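Remarks on the structure that follows.
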Amino acid sequence: MFGVVPDTEYFKGEAVSDQTTAAAPSAPLVRDWSREQWLAHADRLLAGARAWASDDFARITPPGDEGGYGRAVDGLEGFARTFLLAGFRIAGARGEGVDQLIADYSRGIAAGVDPENPNRWVRMDEHAQAKVEAASIALILDMTRAWIWDGLDALTQQRVIAYLAPVVGDETYPQTNWVWFRIVVETFLRSVGGPWSAQDIAADLARHDSFVRGDGWLSDGDERSYDHYVGWALHLYPVLWSRMQGAGELTGGRTAGDIAALDRFLQDAVTLVGGDGSPLLQGRSLIYRFAAAAPFWVGAFAEVPSVSLGRLRVAASSIVAHFAEHGAPDDGDLLTMGWHGPWRRLAQNYSGPASPYWATKGMLGIALPADHPVWSAPAEELPAQEADQLRLVAPAGWIVSATAADGIVRAINHGTDHAHPGDVVGDSPLYARIGYSTATSPLLNGDAWAEPLEQSVALVDDRGRATHRAAMELAALRIDGGTGGDDSAGGVGVAASTTHAHWIDPAAVQIRHGSGITGEVTFAGHLTTVSLVRGAWEVRCARIDDLEPGIDGTAVRLRVGGWALAADDAAAVTAEAMDTTASARRGALVSTVVGSAGGTARLEQRRTASPLGAFATVPVIEYPAVPGEWTVTAIALAGTDSDAPVVSLSGDEASILWPDGARTVHAITDPRSAVAER
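To convert, note that position 426 of the sequence shown is 530 in our numbering; the numbers rise steadily by one, no gaps.
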């Protein structure tokens, strides 16, 4: 039996001083924009983009380095993605008072589909990215049909049809959320007398259905890919598609089921918004920022029964306001490639200066007219503001824990890695870390892809290499105790996974669309990790089940990493390590690890590794690599001070005295022999 005992010297509170990066407010505010505020924000974004339009308005190319697909694609993205916002604005105004928008985008369409125009749009048979942008163009042409499509001359209409027609029968679409791009375009083509294929649409709907994993969650493809694409793509398009002209003849009665799935998803999604409005910093394409608000507006369109209109509006308002308060858009009214400010590494290598404008999906609500009840419904706090939350997202293998005192939402992850079961690849920092939150970011520099550090359990060899856990096996997911139901206040979230831990010497060339690195693999052994979560604290039990033959246990060590804190000013993060305790503090936000006997705590610092600041600090603790023995580490991310839990082990049973005085007992038997609770 042993205990994990805190040194409370590290947990004295102080005022938040750094407002340039994500911070934990002591009293999160309810952000609830009026419709007038939403419209003003939309007009600001549209004016900022308009300044960078070509003379014929066919291309909009904001300043910045050319994207990986070239300047012509950049310009098409700028048109199509701002056309989303312009279309929402026009539709919500019912065409009144938006004459300039209608005129600009109408002439941009005419110029874009003119095959003789030097500024013409890149065609789908020239570059696959055009398939993405074509869907936005088709969706808004349908939504604004009375004001734009009907006003185009016959020649331009035929050219639009010809531009979109190559979609029909095209079998090269990636089998991910991209299937909706083909569905949307063909539905529009059908409505205007263009070519289309019932077989294409049926196949794509079936492929979408193959992504369903339960509880309203879908994986974006065959891999275990759970991220914001679930909301801003896989739930957005089914609802908007069902409202397109003629779609009712194609849905086959599926819309009610799609809305029911959306309703269930939103019950989880609304708990993932931080009290300060920050979305969870997890998954790829984070430069789309407030696109994370899109599913809440889709819920209002669909009139979901389980989340009120007032809460949906507040969730969307909170997300967009969060970025507005943190410099996105910037002083030039532009969206840059980054999170708050510019941070190019957060984008994919192919992203261009207009790519961030997919964020405008999060402005979908302005397509709802002024008399829609969403604008007058009473505001409701976010769950993270209302009370502490403890919830499971079973398909993703997440425990979600939010604390109302600081508004922070944490997702403890044992089932998501953007990999297939059995894949031997690296850990994607965006997917495979043990924890993600609304107040911190995973480290995302080159070392972070090769060396799991923050929110990890890894074996580290004498070369300093850390093992990866991708293709881990989710072995348990449950809530012990509590009030029962989906939200189990007072309980303890329990999640466990096992992995065949492996080192990777990276290959020289990598393709990163979300998955981890590839390279030469060396297996290290099997690891079991169990997370016991309550409030701001996670008790992380880790065990080396075995080491591979030939691996010298004295030449490796077991490293447990906590939450990474980052700031642009090196002095803004203060840190200290002593014996088995290490902590880092930025303002009131504290990241802490408290280890068990035999551990040695220290601090790891990284430069230019986080979109939240140039200087990042990670508290870690290392243990001797002793197969068959549990190590116990208490890990916290909090905006308020608290003592650490005290843990004792007896065999495979953990007894925990939590900071609020509650005592709980949990079995941590070998999860590989247990039945997974899904």
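Glycine included, each C-beta is placed from N, C-alpha and C at the ideal position. Keep in mind the model is a prediction, meaning the values are calculated, not measured.
With contacts defined by Cβ atoms closer than 8 Å, residue 315 and residue 308 do not form a contacting pair. Contact between residue 382 and residue 542 holds, since their C-beta atoms are separated by about 4 Å, short of 8 Å. Note that the stretch 656-670 touches the stretch 544-552; at least 3 beta-carbon pairs, one per stretch, sit closer than 8 Å.
In the three-state reduction of the DSSP assignment, residue 205 falls in the helix class, which pools H, G and I.
Taking a contact as a CB-CB distance under 8 Å, the pair residue 629 and residue 662 does not count as one, their CB atoms being some 10 Å apart. Counting along the chain, the unbroken beta strand (DSSP E) around residue 540 starts and ends at 539-541. In this structure, 759 is the residue among 743, 759, 480 with its C-alpha nearest to the C-alpha of residue 749. In the three-state reduction of the DSSP assignment, residue 277 falls in the coil class. Residue 260 and residue 224 have their C-alpha atoms some 13 Å from each other. An exposed status is given to residue 313, since fewer than 16 other beta-carbon atoms sit within 10 Å of its beta-carbon. Short of 8 Å from the beta carbon of residue 366, and not among the five residues preceding or following it, lie these beta carbons of its own chain, in chain order: 320, 339, 342, 343, 399, 402, 403, 406, 408. Residue 419 has its alpha-carbon roughly 23 Å from the corresponding atom of residue 318. Note that the C-beta distance between residue 515 and residue 349 is not below 8 Å. Residue 497 holds the alpha-carbon nearest to the alpha-carbon of residue 580 among 560, 497, 536, 564.
Annotation: the continuous alpha helix (DSSP H) that includes residue 233 extends over 233-247. In this structure, residue 585 sits away from residue 773, with a CB-CB distance that is not shorter than 8 Å. The beta carbon of residue 148 sits closer than 8 Å to the beta carbons of 433, 437 from its chain, once the five residues preceding and following it are set aside; these are given in chain order. Within its own chain, the residues whose Cβ lies closer than 8 Å to the Cβ of residue 606, once the five positions on either side in sequence are excluded, are 528, 571, 572, 625, 626, 627, 628, listed in chain order.
In the structure shown, residue 349 adopts coil according to DSSP, grouped into three states. Residue 284 and residue 304 have their alpha carbons spaced roughly 11 Å apart. If you draw a 10 Å sphere on the C-beta of residue 281, you find 16 or more other C-beta atoms in it, and that means buried. The criterion of a C-beta distance shorter than 8 Å is not satisfied by residue 724 and residue 736. Setting aside the 5 residues that flank it on each side, residue 761 is surrounded in the same chain by 749, 750, 767, each with a C-beta closer than 7 Å to its C-beta; the list follows chain order. The Cβ atoms of residue 392 and residue 460 sit closer than 8 Å to each other.
Counted as a single uninterrupted DSSP element, the beta strand (DSSP E) harbouring residue 727 occupies residues 717-728. Around residue 233, the same chain offers 173, 177 as residues with beta carbons nearer than 7 Å, after the five sequence neighbours per side are excluded.
Close CB contacts of residue 621 within its chain, under the 8 Å cut and outside five residues either way in sequence, are with 529, 530, 553, 554, 608, 610, 611, 614 (chain order). Distance from the CA of residue 262 to the CA of residue 430, rounded to the nearest whole angstrom, comes to 44 Å.
Taking 8 Å as the cut-off, the beta carbon of residue 373 is found no closer than this to the beta carbon of residue 414. Nearest neighbour of residue 558 by Cα position, chosen from 674, 720, 646, turns out to be 720.
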